[in-house]
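Working notes, beginning with the structure itself.
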Amino acid sequence: MKNEMEKPVYAGIHHSGITLEMICIETLHTRIMEALKTGDTAKAVEAHKDVLRSLIQIKRYQTAERVEKLKASSKIVSVQYPESLKK
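The sequence shown: position 61 = 73 (my numbering), numbered continuously.
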């Protein structure tokens with residue numbers, strides 16, 4: 013079960029590479045379906061391997077984006093308190 017504090021950090025992962033990989037997967041999906049309709053299992057297997065590569069790349073993009081968000085959220089900012097609060 014995920015920690016409730018993690019949700020805001022991981023909520024919005026937007027990466028242009030993920031969008032491109034999803035478009036690639038859609039194209040590969042049609043290639044797989046056409047290969048299966050014609051009975052060409054070799055082409056279907058190759059397209060399936062390409063889909064797997066795209067999914068692995070998407071996972072890499074997500075991991076990199078999470079790391080960047082965590083780094084950004086963990087930066088320490090010094091705060092200057094007014095004199096009235098110091099007493």
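We put the CB at the ideal spot given by N, CA and C, even for glycine.
- prompt: For the stretch 56-64 against the stretch 40-47, are there 3 or more C-beta pairs whose distance is under 8 Å?
  reply: In short, these stretches touch, since the Cβ pair count reaches three.
message: Assuming the contact rule is C-beta atoms closer than 8 Å, Arg-78 and Ile-25 should be a hit. Round their C-beta distance to whole Å, please.
response: Within the sequence shown, numbered from 1, the residue matching residue 78 stands at position 66. Within the sequence shown, numbered from 1, the residue matching residue 25 stands at position 13. Taking 8 Å as the upper bound for CB-CB distance, Arg-78 and Ile-25 are in contact here, some 7 Å apart.
Alpha-carbon spacing of Ser-28 relative to Leu-97, whole angstroms: By 1-based counting over the sequence shown, the position of residue 28 is 16. By 1-based counting over the sequence shown, the position of residue 97 is 85. Approximately 45 Å between the Cα atoms of the pair.
task: Name the two residues that bound the continuous alpha helix (DSSP H) containing Gly-29.
output: The count along the sequence shown starts at 1 and reaches residue 29 at position 17. Going by DSSP, Gly-29 is part of the alpha helix (DSSP H) stretching over 28-50.
query: DSSP three-state call for Ser-66: helix, strand or coil?
result: What you label residue 66 is simply residue 54 of the sequence shown in a count that begins at 1. Looking at Ser-66 - three-state DSSP - the assignment turns out to be helix.
query: Ser-90 to Arg-65, Cα distance in whole Å?
result: Working through the sequence shown from its first residue, we reach residue 90 at position 78. Working through the sequence shown from its first residue, we reach residue 65 at position 53. Going from the Cα of Ser-90 to the Cα of Arg-65 covers about 43 Å.
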